[in-house]
Each structure stands twice: as structure tokens, then as C-alpha cells.
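Only one structure is covered here, and it is reproduced in the block below.
Protein chains: 2
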Amino acid sequence: MFIETKFMKLGVEGAPGQEVRQKNAATDLSLRGEPLKGKRVDFSHGDVDAHKPTPGSFELFSAGVAVGGAQAYTEYRGDGDIRRELAPKLAAFTGKSVDPEDGLIITPGTQGALFLAVAATVTRGDKVAIVQPDYFANRKIVEFFEAEIMPVRLDYEGATDERAGIDLDQLESAFRAGARAFLFSNPNNPAGVVYSADEIAAIALLAKRYEATVIVDQLYSRLVYPGVHYSHLRAEAIDADNVVTIMGPSKLESLSGYRLGVAFGSKEVIARMEKLQAIVSLRAAGYSQAVLRCWFNEEPAWFKNRISQHLLIRDDLIAVLLDIDGVVVRSPQAGSYFFPKLPKMSVSAADFVRILRLQAGVIVTPGSEFSPHTGNSVRLNFSQDRDAAVEAIMRFGSLIERYR
Amino acid sequence: MFIETKFMKLGVEGAPGQEVRQKNAATDLSLRGEPLKGKRVDFSHGDVDAHKPTPGSFELFSAGVAVGGAQAYTEYRGDGDIRRELAPKLAAFTGKSVDPEDGLIITPGTQGALFLAVAATVTRGDKVAIVQPDYFANRKIVEFFEAEIMPVRLDYEGATDERAGIDLDQLESAFRAGARAFLFSNPNNPAGVVYSADEIAAIALLAKRYEATVIVDQLYSRLVYPGVHYSHLRAEAIDADNVVTIMGPSKLESLSGYRLGVAFGSKEVIARMEKLQAIVSLRAAGYSQAVLRCWFNEEPAWFKNRISQHLLIRDDLIAVLLDIDGVVVRSPQAGSYFFPKLPKMSVSAADFVRILRLQAGVIVTPGSEFSPHTGNSVRLNFSQDRDAAVEAIMRFGSLIERYR
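Residue numbers (the numbering used here), protein chains in the order written: chain A, 1 to 404; chain B, 1 to 404.
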């Protein structure tokens with residue numbers, strides 16, 4: 001394969017945060033009416049100004065700088081002391097022990113963990129089961145390594161509140177056809193659904209039966225709304241050595257600016273991840289690693305408040321969304337994403353995403369990033385300023401009316 | 001290829017900074033005599049406690065945190081304002097314009113830039129010319145992508161002070177045999193030699209003639225000792241679009257703890273690098289990027305002083321090294337590495353590296369990391385506390401006597 005071909009599929013044009021690179025975007029659109037006034041809201045990611053980083057995080061960074069060389073140059077898998085501090089907290093959260101020496105790696109963001117975990121598990125020609133829809137990088141990483149994607153449908157619209165809606169028969173077929181890995185996010189990004197205890201148990205059983213490695217991205221697993229039961233695959237797994245769990249303090253905690261993630265579980269995969277990290281980026285930024293000391297160490301009141309703030313925003317916005325004629329949306333059980341399906345309009349969904357930005361100052365991520373079957377949906381991260389977000393969703397509704 | 005096979009060659013055991021993971025290392029060694037007393041010196045990397053980060057760097061980081069969301073979430077290729085601030089400085093330094101919009105990317109460390117640049121240039125089966133010896137990750141990245149290495153010898157021992165010693169005939173043969181890329185560090189890591197103007201002009205000419213892309217790692221190009229002329233390939237290149245230059249503020253500037261690097265030049269390669277960065281790590285840590293504002297902006301007196309400090313340490317240590325019977329070493333023209341060849345001893349070079357750590361508290365990087373032909377050399381980063389380093393090199397000499 002030529003290098004040009006290899007990069008053809010790796011587009012970033014529709015990726016969140018890249019809108020600034022779209023030049024002269026309006027010339028080919030037939031815009032209707034005047035732009036709508038209001039505060040610009042970027043729903044492509046959370047607003048860490050509206051929801052500030054964990055109190056004390058900057059002080060921990062400063063202390064890391066003061067430590068000097070020992071904090072700047074850590075093992076590739078991250079500072080040993082910090083790993084030993086973190087392991088029991090991750091174990092308590094996920095319900096299964098974590099080995100700080102051989103079973104845990106600190107990475108540059110959750111994205112770094114995901115890339116390394118996939119690259120350490122599958123190679124060219126391998127089959128990999130991937131949920132549709134799911135986080136867009138899953139597909140792109142697998143394609144970059146020339147592995148073969150085996151799609152597994154998630155019926156997030158049709159499933160009841162007790163299930164995420166994974167098609168377990170399709171997962172088993174993928175394993176039977178030789179998929180050596182299964183990769184999914186829980187809660188699902190973009191749909192915001194949480195896999196039920198039964199679904200997680202079934203995934204664990206199938207992975208065991210077919211000796212597959214499961215990589216589970218639990219980035220939003222701390223942001224679960226009241227009444228929802230969250231099951232950790234690693235606690236359920238019959239063979240925990242076949243599971244790699246990925247998390248990071250970037251979402252609920254608003255610590256994205258430090259670029260921190262972790263992967264834990266299978267020692268074999270983590271050893272390979274470290275080997276690869278040595279040539280990909282050496283390590284997560286040394287001083288940033290010190291910030292991990294505040295993770296799972298937050299004041300309970302602060303933590304509780306952060307969840308209830310998101311619950312309020314979710315409920316405010318869902319009410320506005322459901323009021324727009326023809327929009328179909330399920331209220332998320334966890335995380336901070338809405339994934340509404342747009343009604344039929346006179347413009348394509350792709351053009352509507354551009355129109356939203358140009359005429360309403362509303363930035364969303366096109367659904368086509370998450371699955372070939374969700375081109376008519378858009379993803380919105382509602383971790384935003386509450387009032388500004390409500391107004392932005394009202395403008396979103398107005399433009400749907402205008403282009404209907 | 002199985003994933004296990006793919007990772008077999010990707011060892012990190014001998015890599016700098018990983019010594020802490022060597023367990024019960026002494027049991028298979030026949031140690032002679034007692035440990036030597038003295039302050040432990042880790043020559044595997046520079047000591048950022050002895051040579052502090054650029055004044056003002058932490059304040060810039062703090063200001064970045066204060067900016068908030070806009071600094072946490074930048075374009076994947078890095079913050080636009082910072083790129084626009086940096087581009088003219090990089091252009092002035094390298095003697096050729098830099099396009100801040102399409103010709104520059106900010107990466108998590110120079111390691112990040114190197115990985116992305118290689119991955120964006122070559123793929124499975126492609127031939128890549130690589131200098132021997134050179135930075136160990138060069139070989140590992142190329143092997144990871146299943147590309148074929150075409151070695152190009154660097155006669156750093158035999159060459160005069162005016163040349164680095166590259167075998168240009170071998171480089172041309174590699175290009176003639178189909179190498180589509182050439183990857184090298186200048187100054188050379190580990191040998192500390194600088195490519196002459198003639199060598200750089202010849203490389204540019206050959207790359208043009210055979211339409212090859214050149215990736216040049218100039219990490220140490222700001223730390224050049226008096227009397228040495230440094231030539232920038234991108235200024236010499238007849239076709240600058242075929243050159244990617246990599247730099248970062250981690251060495252002379254001691255800013256390693258922030259993990260920052262840049263790559264600039266070929267727009268085509270940089271566009272691919274950004275696509276890949278989007279799935280590898282998203283971006284260099286947002287707040288860290290703010291630290292780049294002090295780069296190429298240092299007080300001239302501070303900058304001059306930093307170079308003269310390293311010159312003094314170099315000359316002190318080289319005198320001690322040359323005093324050890326049988327050690328062959330060339331005084332570096334730039335950077336902070338010695339690459340001495342060890343005399344014949346009763347233990348293997350690999351064991352001697354372990355003995356040095358256990359009995360002398362002296363950590364060095366084995367020469368086998370840099371080339372299959374330099375197993376009898378070791379690399380020492382002399383960016384250290386001057387007195388501690390002199391004593392450590394004396395212990396290094398004592399152990400050579402003990403194991404002769």
C-alpha cells in the first residue's frame with residue numbers, strides 16, 4: 001500500500017476542534033436568512049472554562065516542576081510512585097486489583113492509551129470487532145494498521161433503559177470469524193448509553209470463549225447519572241488478563257489541558273504498550289503526571305456537585321431538543337453527549353453542520369464520524385455553560401425550521 | 001506477521017531511563033571488589049536540576065492554564081497563535097521561511113515528531129536509509145512499520161573535524177536501490193559530530209536527484225561549540241518541500257518535563273502528520289504548548305552562559321576520559337553526548353554497563369542501541385553537575401581498570 005493511500009482514509013476535516021481549518025466554507029452553501037445572534041458554543045468538546053479543572057490540580061503540577069529532574073524523566077510507563085498511588089484507587093473503582101508495576105501505564109491522554117492499546121493488540125490483516133456507532137478514532141486506528149473491521153451494531157435508539165443495545169449475536173459472529181480483539185466505549189461515545197450488567201457479562205463470556213482481547217474505553221465511567229448501574233468489564237471478566245481498561249481525568253475532571261490517560265489490566269498488552277510508547281512519545285509529559293495525584297481524590301462534595309450540574313444541563317437541554325419537531329434523541333445515562341437524529345431537511349446533514357457553525361455559532365460533530373449509518377445524527381458535548389447552551393440549542397432548533 | 005513477532009524487536013530494556021525496571025540484576029555477574037562511593041550520576045539523559053529550565057517557562061505555563069479552554073483544546077497541529085509566533089524564529093534560525101499555517105506542527109516531544117514524520121513518509125516494504133550509528137528510535141520506528149532499513153555508515157572516528165564522516169556513496173546506493181526516505185540526526189546522536197556544509201549540500205543534491213524525503217532531527221542544533229559551522233539542510237535543499245526538520249526545546253533548554261517538539265517543512269508530510277496525531281495523542285499537552293513562547297526568546301546572556309557551561313564540562317570530562325588507557329573518544333562538536341569506545345575487558349560491554357550501575361552508581365546507555373557495530377561503545381550525556389560528573393567518570397575509569 002502506498003503511503004498516500006494509507007492516509008486517504010485518515011481525514012480530520014470533520015473531527016472535533018478542527019473547524020478553524022475550514023476555509024471559505026460558505027461559498028458553496030445557499031444560506032437562508034440572516035445569522036442568528038448569540039454566544040458561540042462549541043459542542044465539539046466540553047467547556048473547561050464553564051466547568052473548571054479539579055481544585056488543587058495546578059498546585060500539584062507546580063509541585064511536580066519543583067521536584068525537577070525526577071519528575072521530568074520518568075519510566076516510559078510513568079512515574080512509579082504515582083502508579084503505586086493510583087493503582088489501589090483504580091482497583092477500588094473497577095472492582096478488581098491493579099498491579100502498579102506491570103499492569104498499569106500512564107499515557108499522553110486517553111487517546112494515547114487507545115492508540116497504544118490497539119497497536120499492541122492487532123496488526124495487519126487481523127480482524128477487530130468494533131461497535132457502530134462508537135468513538136471515531138477506534139475505526140481510524142484499526143484502519144491505519146490495515147486490520148479488518150468487523151462491525152457490531154448498537155441499537156441505542158431501540159434498546160430499553162436497561163440495555164445499551166449491543167447485538168451480541170453479531171459480536172459472536174465476529175469472534176467466530178476470527179476477530180482477535182473487541183474495542184468499545186462504555187458509556188458509549190456518542191450515544192451516551194451504558195452497557196447493562198447482562199451485556200457486560202455476555203461480552204466477558206464471549207471474549208473468554210474465543211480468547212479475544214477486549215479494549216474498553218471507560219473515559220466517561222465516573223460521570224454516571226442517578227439510578228444507572230455501571231458494570232466494569234474487568235471485574236466481570238472470567239480472564240481479566242484479556243482485558244485492557246482505558247480511563248483518564250480529562251472529562252468529568254476537566255483536566256484535558258494536561259493530556260493524561262491510563263491503561264490497566266493485561267500485563268502482556270501493557271508491556272507492549274510501553275515498548276511502543278518509547279518510540280511514539282517517550283512518556284506522558286513528566287510534570288503533568290504529578291496532576292494524577294488529585295484523581296479519585298476529589299472532595300466528595302465537589303465531585304457530587306459536578307455530576308448534579310451536568311444532570312441539570314442534560315435535563316434542560318433535552319427538554320429543548322425534544323421540543324424540536326422531528327428530532328429523535330435518547331437522554332444519556334452517563335457522560336456528556338447527546339446524539340440527536342436530525343429530521344429531513346432541504347440540505348444534507350453535512351451542510352447543515354456547516355450552516356450551524358456559520359449562521360448560529362453552534363459547533364457540533366457530524367454523525368458520519370461515528371458510523372457509516374449515522375450520517376443524519378450530530379454529536380453535542382453538553383458539558384457547557386448552562387444558559388449559553390440552552391440558547392444555542394434554541395438556535396439549533398430555529399435553523400432546523402429554516403432549512404426544513 | 002503476528003503481533004508478538006512485531007514487538008519482539010522493540011525492546012526497551014537497554015533504553016535510557018529504564019534501568020529501574022531491571023530486577024535482581026547482579027545475580028549472574030561475577031562482581032570484583034567493593035562498590036565505589038560517590039554521587040550517583042545518570043548519564044542516560046541530561047540533568048535538568050543541574051541545568052534548570054529556561055527562566056520564565058513555568059510562568060508561561062501558568063499563563064496558559066489561566067487562558068483556560070482555548071489553551072487546553074488547540075488544533076491538533078497546535079495553537080495557531082503560538083505557531084505564528086514560532087514560525088519566523090524557526091525561519092531565522094534555519095535560514096528558510098516556515099509557513100505557520102501549513103508547514104509547522106507542534107508535537108508531544110521531539111520523539112512525537114519523529115514517530116509521526118516517519119509514519120507519514122514510509123510504509124510497509126518501503127526502503128529507508130538510516131545512518132549507523134544514530135538515535136536508536138530511528139531504527140525501531142522504521143522496523144515497527146515493517147519498512148526496510150538501508151544502513152549508511154558514519155565514520156565518526158576516522159573523519160576529520162570538518163566532516164561528520166557520512167558515506168555518501170552508500171547513501172546514493174540506498175537511493176538508487178529505491179530508498180524513498182533518509183533519516184538522520186545532526187548533530188549526530190550519539191557521536192556528537194556535525195555534518196559539514198559539503199556533506200549537507202551533497203545530501204540535498206542526492207535527495208533531489210532521487211526524489212527522496214529527508215527527515216532531519218536537529219534536536220541539538222542550538223548547542224554548537226565555538227568554531228563549528230552548522231549547516232541547515234532545509235536552507236541548502238534544492239527542493240525544500242522534501243525536507244522535514246525536527247526540533248524541540250528539551251535539551252539545551254531543559255524543558256523536557258513539558259514534552260514539546262516541532263516539525264516543519266514539507267506541507268504534504270505535515271498534513272499527514274496532523275492526521276496521524278489526531279489518533280495517536282490528539283495534540284501536545286495544551287497548557288505545555290504555551291511554554292514554546294520562551295523558545296528562541298531567551299536572554300542572550302543566559303543562552304551564551306548555558307553553552308559555555310557545557311563547553312567547560314565537555315573539556316573537563318574529555319580530559320579524564322582520554323586519561324583512561326585504551327578508551328577511544330572524539331570530543332563532540334555539538335550537543336552533550338560522548339560516545340567512547342571501551343577497551344578490551346574480561347566482561348562483555350553489556351555486562352560492564354550493568355556493573356557500572358551497580359558498583360559505581362554510573363548509568364550509561366549501551367552502544368548496541370545505536371548500531372549493530374557499536375556494541376563496545378557507551379553513550380554518556382554530559383549535561384550534568386560538573387563536579388559530580390568528573391568524579392563519576394573517574395569511577396568509570398577505575399572500574400575499567402578493575403575489569404580489564
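Beta carbons: idealized from backbone N, C-alpha and C, even for Gly.
Remember, it's a predicted structure, so these values are computed and weren't measured experimentally.
Checking the DSSP bridge columns, you'll see residue 329 of chain B has no partner listed.
If the five residues before and after residue 404 of chain A are omitted, its C-beta is found closer than 6 Å to the C-beta atoms of 345, all from its own chain and listed in chain order. In chain order, 197 and 200 place their CB closer than 6 Å to the CB of residue 231 of chain B, counting only its own chain and leaving out the 5 sequence neighbours on each side. The stretch 372-391 of chain A and the stretch 52-66 of chain A do not touch, with fewer than three beta-carbon pairs separated by less than 8 Å. Less than 8 Å separates the beta-carbon of residue 78 of chain B from that of residue 289 of chain B. The Cβ atoms of residue 331 of chain A and residue 314 of chain A sit closer than 8 Å to each other.
Think of a sphere of 8 Å around the beta carbon of residue 144 of chain B: the chain A residues whose beta carbon falls inside it are 276 and 279, in chain order.
Taking 8 Å as the cut-off, the Cβ atoms of residue 224 of chain A and residue 182 of chain A do not count as close.
As a beta-bridge residue in DSSP terms, residue 378 of chain A pairs with A/366.
Taking a Cβ-Cβ threshold of 7 Å, the residues of chain A close to residue 6 of chain B are 123, in chain order. Along the stretch 88-111 of chain B, the positions whose C-beta sits under 7 Å from a C-beta of chain A are 108, 109 and 111, read in chain order. Within the stretch 277-304 of chain A, contact with chain B at the beta-carbon level (separation under 8 Å) is assigned to 278, 279, 280, 281, 282, 283, 284, 285, 286, 287 and 288. Just measuring C-alpha positions, the residue of A/129, A/36 and A/333 sitting nearest residue 189 of chain A is A/333. Contact check between the stretch 293-304 of chain A and the stretch 77-95 of chain A: three or more CB pairs, one atom from each, fall below 8 Å, which counts as touching.
Annotation: the continuous alpha helix (DSSP H) that includes residue 109 of chain B extends over 109-119.
Bridge pairing for residue 132 of chain B: B/153 [DSSP]. Contact between residue 153 of chain A and residue 167 of chain A holds, since their C-beta atoms are separated by about 4 Å, short of 8 Å.
Contact note: residue 195 of chain A does not reach chain B at a C-beta cutoff of 7 Å; the least C-beta distance is about 24 Å.
Distance from the CA of residue 98 of chain B to the CA of residue 286 of chain B, rounded to the nearest whole angstrom, comes to 22 Å. With contact defined as three or more Cβ pairs closer than 8 Å, the stretch 134-142 of chain A and the stretch 353-362 of chain A are not in contact.
For residue 215 of chain B, the enclosing beta strand (DSSP E) starts and ends at 213-217. In this model, residue 275 of chain A and residue 394 of chain A are separated by some 49 Å (Cα to Cα).
Using beta-carbon distances, residue 355 of chain B does not count as an interface residue toward chain A, since no partner is under 8 Å.
Spanning the alpha carbons of residue 58 of chain B and residue 184 of chain A requires a straight line of approximately 38 Å. For chain B, none of the residues of the stretch 243-255 of chain A brings a beta carbon within less than 7 Å of one of its beta carbons. The Cβ of residue 215 of chain B sits no closer than 8 Å to any Cβ of chain A. In this structure, residue 396 of chain A sits near residue 362 of chain A, with a CB-CB distance shorter than 8 Å. When the alpha-carbon of residue 82 of chain A is set against those of A/121, A/186 and A/105, the nearest one is in A/105.
The DSSP-derived three-state label of residue 247 of chain A is strand. Under a criterion of Cβ atoms nearer than 8 Å, the residues of chain A adjacent to residue 49 of chain B are, in order, 68 and 69. Only residues of its own chain outside the window of five on either side were considered, and among them 64, 65, 79, 286, 287, 289 and 290 have a CB closer than 8 Å to the CB of residue 71 of chain B, listed in chain order.
Proximity to residue 255 of chain B across B/235, B/47 and B/157 peaks at B/47, based on C-alpha coordinates. For residue 183 of chain B, the uninterrupted beta strand (DSSP E) segment begins and ends at 181-185.
A straight line joining the alpha-carbon of residue 174 of chain B with that of residue 147 of chain B spans about 14 Å. Looking at the backbone, the Cα of residue 31 of chain A and that of residue 398 of chain A are separated by about 14 Å. For residue 12 of chain B, at least one C-beta of chain A is nearer than 8 Å to its own C-beta.
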